[in-house]
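Structure, as structure tokens:
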Amino acid sequence: MKYIVVAGGVVSGLGKGITISSLGRLLKSCGLSVTSIKIDPYLNVDAGTMSPFEHGEVFTLHDGGEADLDLGNY
1 MKYIVVAGGV
11 VSGLGKGITI
21 SSLGRLLKSC
31 GLSVTSIKID
41 PYLNVDAGTM
51 SPFEHGEVFT
61 LHDGGEADLD
71 LGNY
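Take 1 as the starting number for the sequence shown in UniProt numbering and just add one per residue.
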């Protein structure tokens with residue numbers, strides 16, 4: 001088992017999510033098994049209450065849940 005870790009600062013909109021999802025797609029096309037896990041390490045904070053300048057925009061689901069806008073890329 002091998003791991004690829006993509007980390008970035010607090011700046012949103014750099015394309016980290018698109019980059020890693022594209023890399024996963026390329027690895028899958030080579031016949032490799034790929035699992036992507038996105039971790040937002042907020043301690044006692046939810047993304048909806050943070051400033052959009054800190055986190056970026058939040059996507060609200062039909063059931064009221066909140067997710068990062070990168071959710072659609074995975």
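Idealized CB from N, CA, C, for every residue including glycine.
So, under 8 Å CB-CB, I20 and V34 are touching, yes? Tell me the CB distance rounded to an integer number of Å. Position 20 of the sequence shown, counted from the start, is the residue given in the question as residue 20. Position 34 of the sequence shown, counted from the start, is the residue given in the question as residue 34. Actually they are not in contact, since the Cβ atoms of I20 and V34 sit about 10 Å apart, beyond 8 Å.
Could you check if G8 is buried or exposed, using at least 16 other CB atoms within 10 Å of its CB as the buried criterion? Taking the sequence shown and counting its residues from 1, one reaches residue 8 at position 8. Exposed, since its Cβ has fewer than 16 Cβ neighbours within 10 Å.
Quick check on the DSSP output: the alpha helix (DSSP H) that includes T19 runs from which residue to which? Working through the sequence shown from its first residue, we reach residue 19 at position 19. Counting along the chain, the alpha helix (DSSP H) containing T19 begins and ends at 16–29.
Exposed or buried, which one is G65 when buried takes at least 16 other CB atoms within 10 Å? Position 65 of the sequence shown, counting from 1, holds the residue named residue 65. With fewer than 16 Cβ atoms within 10 Å of its Cβ, G65 is classed as exposed.
Based on Cα-Cα distance, which residue from Y3, L61, K38, F53 lies nearest to L27? Counting from one through the sequence shown, the residue named residue 27 turns up at place 27. It is Y3.
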